[in-house]
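Numbering (full-length UniProt numbering), first residue to last: 1 to 190.
Here is the structure we will look at, set down as structure tokens.
Okay, here's the thing in structure tokens:
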């Protein structure tokens, strides 16, 4: 216990070795949460990175004079982070559903033509369109060669199995590349 308190003190003062020692000790908490919960587009590295961030925050917030071990404190903080991340993903899904539901309603209301609606939409979104177009034109420059190949095939409408055959790689490698490029694209628009 005193050894752990000393490691926490050292980590607070900036010791990377002390931090890594603490994180390695409590990494099973992160791995256990990963096996219990699903977060879209999160691979093992993402889980470990978030675990490190929460561990770092926990080290700086931990009060050894309260009647709670650091392990339990970190576990609670990481569980809360997972719940927040799941809630955020669910909120994003609801937002997308609201947009599509709203569009369906407009189609029902004004018919398939949607001329008036389309004009309003064009006026409101012209600046957004310019921004998105410029972002997408420059997007491929931040991709690796492999990700760029996957991106080009996806834009052509190819499915993951076809892309794997074209590139002569496994489907899993294509899925990972696709996941990375989606994450990069999402970050471009955040």
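C-beta: ideal position from N, C-alpha, C; glycine also.
The structure displayed is predicted, hence computed values, not measured ones.
(message) Does the beta-carbon of residue 32, which I'm using as the reference point, lie nearer than 6 Å to any heavy atom of the ligand SAM?
(response) Absence of the ligand SAM from the depicted structure is noted, as is the absence of any ligand whatsoever, leaving it without description.
(message) I'd like to check one pair, residue 177 with residue 146: are the Cβ atoms closer than 7 Å?
(response) Within the chain shown, the letter at position 146 stands for residue 146. Within the chain shown, the letter at position 177 stands for residue 177. Contact: yes.
(request) Can you have a look at residue 142 and say buried or exposed, based on whether 16 or more other CB atoms are within 10 angstroms of its CB? (result) The residue labelled residue 142 in the question sits at position 142 within the chain shown. Residue 142 is exposed by the Cβ-count criterion.
(message) Let's test the definition: count the other Cβ atoms within 10 Å of the Cβ of residue 7 and tell me whether it reaches 16, buried, or not, exposed.
(response) For the purposes of this step, residue 7 is taken as residue 7 along the chain shown, with counting starting at 1. It counts as buried.
(request) For residue 51, collect the residues of the same chain with a Cβ closer than 6 Å to its Cβ; drop the 5 residues on either side in sequence, then sort them by chain order. (result) The residue labelled residue 51 in the question sits at position 51 within the chain shown. Around residue 51: 30.
(request) Taking residue 44 as the reference, give the member of 57, 28, 152, 13 with the closest Cα. (result) What you label residue 44 is simply residue 44 of the chain shown in a count that begins at 1. Of 57, 28, 152, 13, the residue nearest in Cα terms is 28.
(request) Using three-state DSSP, classify residue 142 as helix, strand or coil. (result) Along the chain shown, read from residue 1 onward, the residue named residue 142 stands at position 142. In this structure, residue 142 counts as helix in the three-state DSSP scheme.
(request) Express the C-alpha separation of residue 184 and residue 154 in angstroms, rounding to a whole number. (result) Within the chain shown, numbered from 1, the residue matching residue 154 stands at position 154. Within the chain shown, numbered from 1, the residue matching residue 184 stands at position 184. Put simply, the backbone Cα of residue 154 is about 15 Å away from that of residue 184.
(request) Sort 77, 42, 169 by Cα distance to residue 60 and report the nearest one. (result) Within the chain shown, numbered from 1, the residue matching residue 60 stands at position 60. Of the listed residues, the one whose Cα sits closest to residue 60 is 77.
(message) Taking a contact to mean a Cβ-Cβ separation below 7 Å, would you say residue 160 touches residue 169 in this structure?
(response) As a first step, residue 160 is located in the chain shown; it is residue number 160 there, counting from the start. As a first step, residue 169 is located in the chain shown; it is residue number 169 there, counting from the start. No, they are not a contact pair.
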